[in-house]
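Below is one structure, written out as structure tokens, with a few remarks after it.
In my numbering, the protein residues as written are 92 to 234.
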């Protein structure tokens, strides 16, 4: 697996905390969630994730992920060909966790952090994504 070094500013760096939280949870014996893709992405990044160890937000991101995954699965159980739109979710891997083979997951990308979209495409290319301004909703008609 090729490793990539994230060259991020302080704000962009916060994208790594939820990703790392899901990877840490994945490796626990009695994990609340399994996220193989998050673990793969963390392993592929040349970064000192140890600085996030012990942060309460690691557990919080895992629990929030479990809750949102449950909501998405409930939606897809009644709308199997539905579309899950992820807004402001950074390096989310929900698509890999809840994919039912029929649904679509769309990740509209904001222009707030311009270096993030290219990193997201490298880390999780399986989701369709496109750029959209946060304050414009034309992207909703794009699909």
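For each residue, glycine too, the CB sits at the ideal point set by N, CA and C.
Predicted model, so just to flag it, every value in this text is computed and none were measured.
Leaving out five residues on either side along the sequence, give the residues of the same chain with a beta carbon under 8 Å from the beta carbon of residue i.
{"i": "residue 108", "result": "143, 146, 148, 149 and 152"}
{"i": "residue 174", "result": "194, 195, 196, 197 and 234"}
{"i": "residue 205", "result": "Any answer about residue 205 is weak, because its pLDDT of 49 lies below 50 and its placement is not dependable; what the coordinates show is given next. Hits under 8 Å: none found."}
{"i": "residue 166", "result": "173 and 175"}
For a test of the three-state rule: what should DSSP assign to residue i, helix, strand or coil?
{"i": "residue 136", "result": "strand"}
{"i": "residue 101", "result": "helix"}
{"i": "residue 125", "result": "coil"}
{"i": "residue 117", "result": "helix"}
Cα-Cα, which of the options is closest to residue i?
{"i": "residue 129", "options": "191, 174 and 113", "result": "113"}
{"i": "residue 154", "options": "132, 103, 116 and 133", "result": "116"}
{"i": "residue 136", "options": "120, 119, 118 and 110", "result": "110"}
Hey, is residue i's beta-carbon within less than 8 Å of any beta-carbon in chain C?
{"i": "residue 163", "result": "Here chain C cannot be found, since the structure has a single protein chain."}
Excluding the five sequence neighbours on either side, which residues of its own chain have a C-beta within less than 6 Å of the C-beta of residue i, listed in chain order?
{"i": "residue 100", "result": "none"}
For the ligand PLP, I want to know if residue i counts as a neighbour, meaning its beta carbon is within less than 7 Å of at least one of the ligand's heavy atoms.
{"i": "residue 148", "result": "The ligand PLP is absent from the structure shown, which contains no ligands of any kind."}
(Q) Whether or not the region 112 to 126 and the region 155 to 169 are in contact is what I'm after, with contact meaning three or more pairs of Cβ atoms, one per stretch, closer than 8 Å; do they touch? (A) yes
Q.
Which complete alpha helix (DSSP H) runs does the region 134 to 202 hold, if anything under 4 residues is left out?
A. 147 to 169 and 185 to 189
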